[in-house]
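S.K.:
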Amino acid sequence: MSDEGVWTLIESDPGVFTEMLRGFGVEGVQVEELHSMSEEETAAYNPIYGLIFLFKWRPGEEPIGEPVDTNNVFFAQQVITNACATQAIINLLMNVNDPKVKLGSVLEEYRDFAKQIDPASRGLVLSNCEKIRQVHNSFARPTFYELDLNMPPSEDNYHFITFVPVGNKWFFFIDVTAAFNLLLFPIYELDGLREFPLEVSVIPEGKTWMEVISPIITERMRRFNDGDIMFNLMAVVGNMMEKWTKRREEILEGKITFPSTDAMYDELAIVENKIDEEGHKLDTYRRENARRRHNYLPFIVEILRILAKEGRLVPMVEKAQLNARSRLKRESKQAQPN
Numbered sequence: 035m036s037d038e039g040v041w042t043l044i045e046s047d048p049g050v051f052t053e054m055l056r057g058f059g060v061e062g063v064q065v066e067e068l069h070s071m072s073e074e075e076t077a078a079y080n081p082i083y084g085l086i087f088l089f090k091w092r093p094g095e096e097p098i099g100e101p102v103d104t105n106n107v108f109f110a111q112q113v114i115t116n117a118c119a120t121q122a123i124i125n126l127l128m129n130v131n132d133p134k135v136k137l138g139s140v141l142e143e144y145r146d147f148a149k150q151i152d153p154a155s156r157g158l159v160l161s162n163c164e165k166i167r168q169v170h171n172s173f174a175r176p177t178f179y180e181l182d183l184n185m186p187p188s189e190d191n192y193h194f195i196t197f198v199p200v201g202n203k204w205f206f207f208i209d210v211t212a213a214f215n216l217l218l219f220p221i222y223e224l225d226g227l228r229e230f231p232l233e234v235s236v237i238p239e240g241k242t243w244m245e246v247i248s249p250i251i252t253e254r255m256r257r258f259n260d261g262d263i264m265f266n267l268m269a270v271v272g273n274m275m276e277k278w279t280k281r282r283e284e285i286l287e288g289k290i291t292f293p294s295t296d297a298m299y300d301e302l303a304i305v306e307n308k309i310d311e312e313g314h315k316l317d318t319y320r321r322e323n324a325r326r327r328h329n330y331l332p333f334i335v336e337i338l339r340i341l342a343k344e345g346r347l348v349p350m351v352e353k354a355q356l357n358a359r360s361r362l363k364r365e366s367k368q369a370q371p372n
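The following block contains the structure:
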């Protein structure tokens, strides 16, 4: 079966998405998994450009926020079945306004072409972007069989949505003493299954966007925990290796003032450790992605062929089946009340 136009399912993993962004040509960012919205954890990854929330979708989920039809937000609707996470990340990156973040030619071409059209058409253009599809599909695991596209959908439908601060807007207020303007920065939820972005909150002056979004995300995580709903939270953050390398250079060049020489060396040791941790993590990502991409099928088929030729395959299968039945019986007895 031809894979022309097909988007394959890929694993939702920070290492996959970080290397996938490199494949698109994006510079200055990486993807990290967040285990909580605590100030300590989010501060460790500063700057955080946006959040990607994965959850098991349920019919009838009420949106949080007000739908807005605004030209200030780049938003593409989802028309691709197996690329929900990739589209969520691209939606997020299209709204990042930081000179440190370089989209690269592939995403810049998509943005420049799609920014003048409606969200549904943007999703359609993305689904037909061959360069993006090829990079996405390069992270798919080799399969042992062709998927039956006519099979009924699984009961477990996982969905990705994005939270991102975008631009700013003026609010006009009137009270009993005066009328005045106030500049606030909105936070949007970008859900490809909806027609428009949702404005979930605004960032008042003197607050960071993480301070505003944290209670919203925490409440959603609590609600899913109570309902035994699987979820995961990832963040698109600045390039951590570049961040810590720059910090080391500033220390060594005397651009940072310390109360003592010992304090400087203590901070330098911490930074060196962070650089080592990032290097180890990136090496791990590369090894794991290489394993994901490797096709083990010929190796497995050859082992099965040799076992069958030696007359050992059928007895091994029968033994495995017997062990499985015995295990099920034990588990059934343990589950029965005394």
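Just so we're aligned: the sequence shown equals residues 35 to 372 in my numbering.
Using N, Cα and C, we set each Cβ at its ideal position, and we do this for glycine too.
#1: Between which two residues does the alpha helix (DSSP H) containing Thr318 stretch?
#2: In terms of residue numbering, what span does the alpha helix (DSSP H) encompassing Tyr83 cover?
#3: Find out if the Cβ-Cβ distance for the pair Ile251, Leu141 is shorter than 8 Å.
#4: Would you mind reading off the limits of the alpha helix (DSSP H) that contains Ala269?
#5: Quick one: measure Cβ to Cβ for Val271 and Pro81, integer angstroms, because I've assumed they're closer than 8 Å.
#6: Can you tell me whether Gln168 is buried or exposed? The criterion is at least 16 other CB atoms within 10 Å of its CB, across all chains shown.
#7: Please report how far the alpha carbon of Ser294 lies from the alpha carbon of Val236, in whole angstroms.
#8: Quick check on this structure: which residue in Gln121, Glu322, Gly59 and Phe147 has the alpha carbon closest to the alpha carbon of Gly138?
#9: Alpha carbon to alpha carbon, how far is Thr52 from Ile304? Give it in angstroms, no decimals.
#10: Within the same chain, show all residues whose beta-carbon is closer than 7 Å to that of Val200, passing over the 5 residues directly before and after it, in chain order.
#11: Does DSSP put Phe206 in a helix, a strand or coil?
#12: Please confirm if the segment 118 to 133 is in contact with the segment 60 to 69, defined as three or more CB-CB distances below 8 Å between the two stretches.
#13: Roughly how many angstroms separate the alpha carbons of Met255 and Leu227, rounded to a whole number?
#14: If you drop the 5 nearest sequence neighbours on each side, which residues of the same chain put their C-beta closer than 6 Å to that of Asn171?
#15: Work out the CA separation of Met54 and Gly288 for me, nearest whole Å.
#16: Which of helix, strand or coil does DSSP assign to Lys277?
#17: Does the beta-carbon distance from Glu306 to Arg282 come in below 8 Å?
#18: Take the Cβ of Phe205 as the centre, count every other Cβ of all protein chains shown within 10 Å, and call the residue buried at 16 or more, exposed below.
#19: Pull up the DSSP beta-bridge partners for Tyr144, would you.
#20: Check Gln383 in the structure and name its three-state DSSP category.
#21: Would you list the residues sitting across from Lys136 in a DSSP beta bridge?
#22: Once the 5 residues before and after Cys118 are set aside, which same chain residues still bring their CB inside 8 Å of it?
#23: Checking the sheet assignment: what are the DSSP bridge partners for Ile44?
#24: For Lys134, which of Gln64, Thr242 and Glu312 has the nearest alpha-carbon?
#25: Report buried or exposed for Pro349, applying the criterion of at least 16 other Cβ atoms within 10 angstroms of its Cβ.
M.R.: With the given structure in hand:
#1: Annotation: the continuous alpha helix (DSSP H) that includes Thr318 extends over Thr295 to Arg327.
#2: It is not in any alpha helix (DSSP H) - Tyr83 instead sits in the beta strand (DSSP E) that spans Ile82 to Lys90.
#3: No, they are not a contact pair.
#4: Careful: Ala269 lies outside any alpha helix (DSSP H), inside the beta strand (DSSP E) at Phe265 to Gly272.
#5: Cβ atoms of Val271 and Pro81 come within 8 Å of each other, at about 7 Å.
#6: Within a 10 Å sphere around the beta-carbon of Gln168 sit fewer than 16 other beta-carbons, which makes this residue exposed.
#7: Between Ser294 and Val236, the alpha-carbon positions lie close to 42 Å from each other.
#8: The shortest C-alpha separation from Gly138 is found at Gly59.
#9: So the two alpha carbons sit approximately 24 Å from each other.
#10: Excluding residues within five positions, the ones whose Cβ falls inside 7 Å are Asn106, Val107, Asn129, Pro220 and Tyr222.
#11: Residue confidence is low: Phe206 scores 40 on pLDDT, short of 50, so the model does not pin down where it sits. No coordinate-derived value is stated.
#12: Because the criterion of three Cβ pairs below 8 Å is met, the segment 118 to 133 and the segment 60 to 69 touch.
#13: Cα to Cα, the separation comes out at about 20 Å.
#14: Only Thr42 meet the Cβ criterion.
#15: Taking the straight line from one Cα to the other gives about 37 Å.
#16: Three-state result, Lys277: helix.
#17: It is a contact, given that the beta carbons lie within the stated cut-off.
#18: With a pLDDT of only 43 at Phe205, under 50, the local geometry of the prediction cannot be trusted, and no value is derived from it.
#19: Paired residues: none, contrary to the question.
#20: The question about residue 383 has no answer here: the residues shown for the chain are numbered 35 through 372.
#21: DSSP output for Lys136 lists Glu61 as bridge partner(s).
#22: Here the set comprises Gln112, Tyr192, His193, Phe194 and Gly226.
#23: Under DSSP, Ile44 forms no beta bridge with any residue.
#24: It is Gln64 whose Cα lies nearest to the Cα of Lys134.
#25: By the Cβ-count criterion, Pro349 is exposed, with fewer than 16 other Cβ atoms from all chains shown falling within 10 Å of its own Cβ.
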